[in-house]
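Asker: The sequence shown begins at 3 in the numbering used here and counts up one residue at a time.
Just dropping this structure here.
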Amino acid sequence: MKIIIDTKENIASLASDQFINLLKRKPNAVLGLATGSTPIDTYKQIIKKAKEQNISFKDVKTFNLDEYVNYPFYEASYRFFMDDNLFNHVDINKENTHFPSHENYLDYDNQIKACGGVDLQILGIGANGHIGFNEPNTPFDSLTHVTDLQRKTIEDNARFFSSIDEVPTKAITMGLTTIMNSKEIILIALGENKADAIKALVDNVGVSCPASILNGHDNVTIYCDKAAASKL
Ligand code: GLP
Numbered sequence: 003m004k005i006i007i008d009t010k011e012n013i014a015s016l017a018s019d020q021f022i023n024l025l026k027r028k029p030n031a032v033l034g035l036a037t038g039s040t041p042i043d044t045y046k047q048i049i050k051k052a053k054e055q056n057i058s059f060k061d062v063k064t065f066n067l068d069e070y071v072n073y074p075f076y077e078a079s080y081r082f083f084m085d086d087n088l089f090n091h092v093d094i095n096k097e098n099t100h101f102p103s104h105e106n107y108l109d110y111d112n113q114i115k116a117c118g119g120v121d122l123q124i125l126g127i128g129a130n131g132h133i134g135f136n137e138p139n140t141p142f143d144s145l146t147h148v149t150d151l152q153r154k155t156i157e158d159n160a161r162f163f164s165s166i167d168e169v170p171t172k173a174i175t176m177g178l179t180t181i182m183n184s185k186e187i188i189l190i191a192l193g194e195n196k197a198d199a200i201k202a203l204v205d206n207v208g209v210s211c212p213a214s215i216l217n218g219h220d221n222v223t224i225y226c227d228k229a230a231a232s233k234l
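So this is what it looks like as C-alpha cells:
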C-alpha cells in the first residue's frame, strides 16, 4: 500500500493522472467511481485533461460504488451527482454507466465481471472508516448488497439535504470483496475528520474499520492531505 501525503490540489492532479494514463493505455477501461465531496476536484481535473488531451470516454464503462434507496428527490441521487460532476462533461455513453439498484444488485458483481472487472476504482472514506456504504462490521467477504446506514453516516450526509429527516436510511453498495476485486484502487482522504479512519486503516484494525481490508490488496494508493494524515 502506497501512502502519499500532499496538498488537496496535488492529490486531485495525481489521481486524475492515474485515470488519464489508464484511458490512454486502455480506451475501453472499466472505471469504479465514487461520490461524496472528496473526488469532486479529481473529476474536475479529469474533465479538463480529457479536453486538453483529446481523451475520449466513448468506450469507457463505469460502475458506481453505491446509491441511496428511496432518495427524496432526483438531485439527491448519486446518479445526479455523477451526471453533474463528470458524465455531462465528457463524451461518455450513459448506457455504459451503471449504478447498483434494487433491480440489479444481485447481478451487479456479475455485470462487473462480464465487462472484464474494474481497472481502476476511486474511493473516499467515511469518518467511521466506511468505503462505499460498507459500514463498520460489514463482513469482508460481502458482495453488492442492501445496507442500513449508521447514525454517524446519516449525520455526515445531512449537509446535502435540507433536514436530517430527508437523508435516506438505506443504500445499495458494492461489497468489500467487490471493491477488492478491482485491479487498482485509489483512496483519497481530506480533512481532519478523516484522521481517525486513516489511522485505523493503516493500523489494519479489521472489520471495525472496513477500509482496512485494503491492506490485503497489492495495488492501492492512499492519498491524504496533512490533516487526514495527522494521526499517523
Ligand atoms: C458517502 C459515500 C462514500 C464516501 C463518503 C465520504 O458515505 N457513500 O462513498 O466516501 O460519503 O464522503 P465525503 O467525500 O463527502 O467526505
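We put the CB at the ideal spot given by N, CA and C, even for glycine.
How many Å lie between A160 and T40 at the Cα?
Answerer: 16 Å
Asker: Which runs of the beta strand (DSSP E), 3 residues or longer, sit entirely within the region 102-136?
Answerer: Qualifying beta strand (DSSP E) stretches, in chain order: 122-125.
Asker: Count the other CB atoms within 10 Å of the CB of K124; is the residue buried (16 or more) or exposed (fewer)?
Answerer: Reading off the sequence, residue 124 comes out as Ile, not Lys. I124 is buried by the Cβ-count criterion.
Asker: Measuring straight from C-alpha to C-alpha, what distance separates G119 and E137?
Answerer: 23 Å
Asker: Which same chain residues end up closer than 8 Å to L16 when comparing Cβ atoms and leaving out the 5 residues on each side of it in sequence?
Answerer: I6, D8 and Y225
Asker: Using the Cα positions of G126 and L67, report the straight-line distance between them to the nearest angstrom.
Answerer: 10 Å
Asker: When the Cβ atoms of the region 59-74 are set against those of the region 95-104, are three or more pairs found closer than 8 Å?
Answerer: yes
Asker: Going by the beta-carbon positions, is the gap between S58 and Y70 smaller than 8 Å?
Answerer: no
Asker: Is any non-hydrogen atom of the ligand GLP found closer than 7 Å to the C-beta of F135, if you look at the structure I gave you?
Answerer: yes
Asker: Which residue marks the beginning of the alpha helix (DSSP H) containing F21, and which one marks its end?
Answerer: That run of the alpha helix (DSSP H) goes K10 to R27.
Asker: Relative to the ligand GTP, is the shortest distance from any of its heavy atoms to the C-beta of L67 smaller than 7 Å?
Answerer: The model on display carries the ligand GLP but not the ligand GTP.
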